[in-house]
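Undergrad:
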Amino acid sequence: MLILDEVSKTYPNGVRALEDVSLQVAAGELLVIIGGSGCGKSTLLRAASGLDTPTEGRVLLDGMLIREPHERIGILFQEPRLLPWLRVAANVGFGLEGRPKAERAQRVAFAIERVGLADKAGVWPRELSGGQAQRVAIARALVTRPSVLLLDEPFSALDAFTRAELQDHLLDLWDEARPILVLVTHDIEEALVLGSRIAIMRSHPGRIAGVINVPLPRPRDRLSPAFEEQKRRVLKLLDSTLHRQPGKAPLHDFQI
Amino acid sequence: MILMTLSSQAVGAQGEVRKPALARFLRPALGLIVPVGIAVAWELSVRLGLSSGRLVPPPSVILSTCADLAATGELQRHAAVTLMRVAAGFGLGVVFGTLIGAMTGYSGLMHRLIDPTLQGLRAIPSIAWVPLFILWFGIFEASKIILIALGVFFPVYLGVMGAVLSVDRKIVEVGRVFRLSGPAMVRRILLPAVMPAYVISLRAGLGLGWMFVVAAEFMGASEGLGFLLTDGQQLGKPAQIVAAIVTFALLGKLSDWIIAAAAAPFLRWEDAFARR
């Protein structure tokens, strides 16, 4: 269980990026946080990862206080952030140093195989396409078998075709070990394809305007009428959070 | 046609296409056309009596001078002395440039504390130190080596500091995500990240090292290639001067090539414009 307990973040320049964000994500759950740009969703994810510490509030993973990066928490950024001086296999195995060589090689080979890049193990990052590079980053994040994977708009820099492919791929990978997955996005369709729940964020200061369940069976058909209906529903909720006067509306006004 | 293209381009192990053997040989050879052409033209004009070649000796005279100097062991002795001075000065300059550059790049406090002073010192033309160095360290090896070290220090210092300062924060964060300790962060993230800029600064530093060894040997030396230069001037032996210059060129190029070749295995990952 990953718990964000009244997390607030004020930057040194006085900007209030997050205010009293509380979320609970159970084991095996797939939570999507959606909101417009600048609403504090990346700040929230960084606080959850331990890369930044919240000004107030706490992040707890199975009762442990998270104040810095933890081995059970994996992170995937918007950019692949591969180390350009390491070949693909070495990049994937980056977090495994210190383990026996044979185990490392075996786990790296398996992870690369699972993201479908077995033939690219020996190439340099510069030789990969954007989608391939992000696959390597996924393999690198999953090879340490984290119980939480945090994803900060991981597919937003990719073209629509590659994005859909990687979303399905991520679901397959998630299904194997079922880690807690928290994904931040501004893409409604992505939120509906992936999320078992969707948290909607509002900006200035960043806060959770509401959390909804996604009552769609998996695998989800992006073209089905039910999918369209959910899309309209999320859009409406996002819309209402946009037009509301900041500070006037009650916070959790639609909890389902 | 397709068959020809395929057979002439052997595909390397990493999938990099190797150039055909002929092109690999011919491309560097292009660079030889101008200097060889000039040498041949000058040789011919002296042989044909168009010039006396007394002040600008033709290649054949330079070669025979080189051969004479080499036969007596003079050239080797002078070259070895100069090489030792450059090596010692370069080593000192690199050690201090790297250490202090890494410190001022890594720590904001050290940067604010030390960098302004060093930038101030950098503004002084290094040759201006010569009289003071002679007073301080004498006219023998110490003052020469310190002058060379000073020349090497600044490009290395600037290169290392700039490289550390410009390491991508996002890459450093990857190190944090995998909870690297301080030393591991330096070894696995910072060092490889600064490597390309570091090699460039080493090569720039080496170039200045060769420049300053001449200045150092001008300020009074009884040995060294710089001595051959002043000796050739005083005794009116232009061929000896050119022979020393040619030796400088060869040694400078060779030492630069050694650094480049030694660094090449660490820089194979670079995604550079020049990778053609």
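Protein chains in written order, with my numbering: chain A, 122 to 377; chain B, 605 to 880. Each residue gets a CB set at the ideal place from its N, CA and C atoms; glycine is no exception.
1) Let me check understanding here. Comparing Cα to Cα, which of B:A825, B:K748, B:G635 lies closest to I553 (chain B)?
2) Would you please verify whether the beta carbon of P336 (chain A) is less than 8 Å from any beta carbon of chain B?
3) Could you check which residue in A:G157, A:A211, A:L217, A:L152 has the C-alpha nearest to that of F782 (chain B)?
4) Would I194 (chain A) and V269 (chain A) be called neighbours here (beta carbons separated by less than 8 Å)?
5) Count the other CB atoms, across all protein chains shown, that sit within 10 Å of the CB of T851 (chain B); report buried if there are 16 or more and exposed otherwise.
6) If you count every other CB in all the chains shown that lies within 10 Å of the CB of L607 (chain B), and 16 or more means buried, which is it?
7) Find the residues of chain A that neighbour W740 (chain B), judging by a C-beta separation of less than 7 Å, and give them in chain order.
8) Report the rounded CA-to-CA distance for M605 (chain B) versus L630 (chain B), giving the unit in angstroms.
9) Quick check on K841 (chain B): does DSSP put it in helix, strand or coil?
10) Is there a Cβ from chain B that is less than 8 Å from the Cβ of P175 (chain A)?
11) Measuring straight from C-alpha to C-alpha, what distance separates K130 (chain A) and A868 (chain B)?
12) Which of the residues in the region 772-787 of chain B, read from start to end, lie with their CB under 7 Å from any CB of chain A?
13) Closer than 8 Å is the cut-off here; do at least three beta carbon pairs connect the region 766-774 of chain B with the region 807-819 of chain B?
14) Give me the DSSP bridge partner(s) of V269 (chain A).
15) Considering only residues of the same chain and omitting the five flanking positions on each side of R137 (chain A), which have a CB-CB separation below 6 Å?
16) Mind listing the chain B neighbours of W245 (chain A)? Cutoff is C-beta to C-beta under 7 Å, in chain order.
17) For the region 786-803 of chain B, which residues have a beta carbon sitting closer than 7 Å to at least one beta carbon of chain A?
18) Given a threshold of 16 other Cβ atoms within 10 Å of its Cβ, counted over all protein chains shown, does L358 (chain A) qualify as buried or as exposed?
19) Do we get a CB-CB distance below 8 Å when we pair P371 (chain A) with the residues of chain B?
20) Which bits of chain B does E192 (chain A) rub up against, with CB to CB less than 7 Å?
21) Going residue by residue through the region 639-685 of chain B, where are the continuous alpha helix (DSSP H) segments of at least 4 residues, counting only ones entirely within it?
22) Buried or exposed: which applies to F744 (chain B), given that a residue is buried once 16 or more other Cβ atoms fall within 10 Å of its Cβ?
23) Give the range of the alpha helix (DSSP H) segment to which A223 (chain A) is assigned.
24) Could you confirm whether any beta carbon from chain B is found closer than 8 Å to the beta carbon of I196 (chain A)?
25) Is it true that the CB of M799 (chain B) sits closer than 8 Å to the CB of L703 (chain B)?
26) Taking 8 Å as the CB-CB cut-off, is G616 (chain B) touching chain A?
27) Is it the case that the Cβ atoms of A254 (chain A) and P201 (chain A) are separated by a distance below 8 Å?
28) With V764 (chain B) and F694 (chain B) assumed to form a contact (beta carbons below 8 Å), what rounded beta-carbon distance in angstroms separates them?
29) W206 (chain A) touches chain B at which residues, Cβ-Cβ below 7 Å?
30) Just how far apart, CA to CA, sit S805 (chain B) and A847 (chain B)?
31) Have a look at B:W873, B:I862, B:E827 and flag the residue whose alpha-carbon is nearest the alpha-carbon of Q680 (chain B).
32) Nearest CA to the CA of A278 (chain A): which residue from A:D289, A:V264, A:T306?
33) In three-state terms, what does DSSP make of N134 (chain A)?
34) Whose C-beta lies closer than 6 Å to the C-beta of G243 (chain A) among residues of the same chain, with five residues either side of it excluded?
35) Considering only C-alpha positions, which residue in the set B:E777, B:I793, B:L858 is nearest to A767 (chain B)?
36) Put G697 (chain B) into one of helix, strand or coil per three-state DSSP.
TA: Checking against the coordinates, here is how it stands:
1) Nothing can be reported for residue 553 (chain B): it is not among the residues displayed for chain B, which extend from 605 to 880.
2) As a first step, residue 336 (chain A) must be located in the first sequence, where it is residue number 215. No, P336 (chain A) does not count as interfacial toward chain B.
3) The residue labelled residue 782 (chain B) in the question sits at position 178 within the second sequence. For the residues A:G157, A:A211, A:L217, A:L152, the minimum Cα distance to F782 (chain B) belongs to A:L217.
4) Counted from its first residue, the first sequence places residue 194 (chain A) at position 73. Counted from its first residue, the first sequence places residue 269 (chain A) at position 148. The answer is yes: Cβ separation under 8 Å.
5) Position 247 of the second sequence holds residue 851 (chain B). Classification of T851 (chain B): buried, given that the 10 Å Cβ count is 16 or more.
6) As a working note, residue 607 (chain B) is residue 3 in the second sequence. Any reading at L607 (chain B) is ruled out, since the residue's pLDDT is 41, under 50, leaving its predicted position unreliable.
7) Taking the first residue of the second sequence as position 1, residue 740 (chain B) is located at position 136. Ordered by position in chain A, no residue passes the 7 Å Cβ test against W740 (chain B), which lies about 43 Å from the chain.
8) In the second sequence, residue 605 (chain B) corresponds to position 1, counting from 1. In the second sequence, residue 630 (chain B) corresponds to position 26, counting from 1. In this prediction, M605 (chain B) scores a pLDDT of 39, lower than 50, which makes its location untrustworthy; no coordinate-derived value is stated.
9) Looking up residue 841 (chain B) in the second sequence gives position 237. For K841 (chain B), the secondary structure class from DSSP, reduced to helix, strand or coil, is coil.
10) Numbered from 1 along the first sequence, position 54 holds the residue referred to as residue 175 (chain A). Answer no: the Cβ-Cβ gap between P175 (chain A) and chain B never drops below 8 Å.
11) Against the first sequence, residue 130 (chain A) aligns to sequence position 9. Against the second sequence, residue 868 (chain B) aligns to sequence position 264. In a straight line, the C-alpha of K130 (chain A) is about 46 Å away from that of A868 (chain B).
12) K774, I775, E777, V778, R780, V781, F782, R783
13) no
14) Locating residue 269 (chain A) in the first sequence gives position 148, counting from the first residue. Answer is A:I194, A:I301.
15) Stepping through the first sequence from its first residue, residue 137 (chain A) is reached at position 16. The answer, listed in chain order, is T131, P326.
16) Within the first sequence, the letter at position 124 stands for residue 245 (chain A). Here the neighbours are W873.
17) P796
18) Translated into the one-based positions of the first sequence, residue 358 (chain A) becomes position 237. L358 (chain A) should be labelled buried.
19) Residue mapping note: residue 371 (chain A) aligns to position 250 of the first sequence, counting from 1. Residue placement at P371 (chain A) is flagged as unreliable, the pLDDT there being 46, under the threshold of 50; the coordinate-derived value follows with that caveat. By this cut-off, P371 (chain A) is not an interface position.
20) On the first sequence, residue 192 (chain A) is found 71 positions in, with the first residue counted as 1. The answer, in chain order, is R783.
21) 663-675
22) As a working mapping, residue 744 (chain B) is identified with position 140 in the second sequence. It counts as exposed.
23) If you number the first sequence from 1, residue 223 (chain A) lands on position 102. Here the alpha helix (DSSP H) through A223 (chain A) covers 222-235.
24) Numbered from 1 along the first sequence, position 75 holds the residue referred to as residue 196 (chain A). It does: the Cβ of I196 (chain A) has a partner Cβ on chain B nearer than 8 Å.
25) Here residue 703 (chain B) refers to the residue found at position 99 when the second sequence is read from its first residue. Here residue 799 (chain B) refers to the residue found at position 195 when the second sequence is read from its first residue. Not a contact, by the Cβ cut-off of 8 Å.
26) Working through the second sequence from its first residue, we reach residue 616 (chain B) at position 12. Confidence at G616 (chain B) is low in this model, with a pLDDT of 42, below 50, so the placement of that residue is unreliable and no value is reported for it.
27) Within the first sequence, residue 254 (chain A) is the residue found at index 133, counting from 1. Within the first sequence, residue 201 (chain A) is the residue found at index 80, counting from 1. In this structure, P201 (chain A) lies closer than 8 Å to A254 (chain A) by Cβ.
28) Residue numbering aside, residue 764 (chain B) sits at position 160 when the second sequence is read from its first letter. Residue numbering aside, residue 694 (chain B) sits at position 90 when the second sequence is read from its first letter. In fact, because the Cβ distance is near 15 Å, the residues do not count as touching under 8 Å.
29) Working through the first sequence from its first residue, we reach residue 206 (chain A) at position 85. Result: P796, W873.
30) Numbered from its first residue, the second sequence carries residue 805 (chain B) at position 201. Numbered from its first residue, the second sequence carries residue 847 (chain B) at position 243. Each residue's alpha carbon lies about 29 Å from the other.
31) Residue 680 (chain B) sits at position 76 when you count from the first residue of the second sequence. Per the C-alpha coordinates, the member of B:W873, B:I862, B:E827 positioned closest to Q680 (chain B) is B:E827.
32) Working through the first sequence from its first residue, we reach residue 278 (chain A) at position 157. Nearest C-alpha to A278 (chain A): A:T306.
33) Here residue 134 (chain A) is taken as the residue at index 13 of the first sequence, counted from 1. DSSP places N134 (chain A) in coil when its eight states are reduced to three.
34) In the first sequence, the residue the question calls residue 243 (chain A) occupies position 122. R208, listed in sequence order.
35) What you label residue 767 (chain B) is simply residue 163 of the second sequence in a count that begins at 1. Residue B:I793 is the option with its Cα nearest to A767 (chain B).
36) Start at 1 with the first residue of the second sequence, and residue 697 (chain B) comes out as number 93. Correct three-state label for G697 (chain B): helix.
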